[in-house]
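Here the sequence shown is numbered in the numbering used here, starting from 5 and rising by one per residue.
All C-beta atoms in this analysis are idealised placements derived from N, C-alpha and C, irrespective of residue type, glycine included.
Below is one structure; the comments refer to it alone.
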Amino acid sequence: MIPPASPRPAQLGPLLARCRLARGWSQQRAAAELCAAAGVPTLSRHEISRWERQRRVPGGFWLGWLAVVLDVPLVVLAEAAAAARRAGSTRATGPGRAAVAGGRPSGRTGPGRTGGTTRGGGARTMTTG
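Here you go:
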């Protein structure tokens with residue numbers, strides 16, 4: 005006998021938004037709560053927005069803190085995050101990391117590539133090729 009198919013995990017973005025709104029929090033407040041809990045001052049409401057729109061998927065570090073702050077079982081968030089990763093080309097990200105397949109945000113070039121610049125306002129490096 006084949007067991008019935010398990011229900012599909014909730015989509016992570018809408019789940020995060022529902023949990024945040026159930027607490028009456030803005031994205032700014034959710035970011036502040038996460039920063040306070042994790043001791044990381046760099047998470048912004050923009051990252052919360054990206055997670056809720058599923059433009060990015062939080063990695064294990066942030067999933068753990070989301071579970072604590074939103075009072076949601078970590079397994080529920082982890083399953084939803086895994087489903088989001090399977091459904092798209094998004095990868096786990098944190099503050100300051102690109103969320104584009106291939107590891108380089110579109111439209112940006114690095115040092116040594118056409119149009120790239122060095123950090124700190126250094127000289128522009130052009131390559132021919």
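Residue i: first and last residue of the uninterrupted alpha helix (DSSP H) it sits in
i, result
"V76", "Run containing V76: none; DSSP gives neither H nor E here."
"W55", "49-56"
"R33", "31-42"
Three-way DSSP call (helix, strand, coil) for residue i in this model
i, result
"P18", "helix"
"G111", "Confidence in G111 is poor, its pLDDT being 39 and thus under 50, which makes the residue's placement too unreliable to answer from."
"A102", "Unreliable placement is indicated for A102, whose pLDDT of 38 sits below 50; no coordinate value is reported for it."
Cα-Cα separation between residue i and residue j, rounded to whole angstroms
i, j, result
"G63", "G28", "24 angstroms"
"A26", "P18", "12 angstroms"
"G68", "R33", "18 angstroms"
"A4", "L81", "Residue 4 falls outside the range modelled here, since the chain spans only 5 to 133, and no answer is possible."
"V72", "S48", "18 angstroms"
"I52", "L78", "17 angstroms"
"A84", "R22", "13 angstroms"
"Q15", "A86", "10 angstroms"
"R60", "R90", "13 angstroms"
"A40", "L70", "12 angstroms"
"A88", "E56", "11 angstroms"
Of the residues the options, the one placed nearest residue i, counting alpha carbons only
i, options, result
"L20", "A91, G92, C39, W66", "W66"
"R24", "Q15, A35, A14", "A35"
"G92", "D75, A82, Q58, S48", "Q58"
"D75", "Q31, L38, A86, Q15", "L38"
"R54", "Q31, P45, T46", "Q31"
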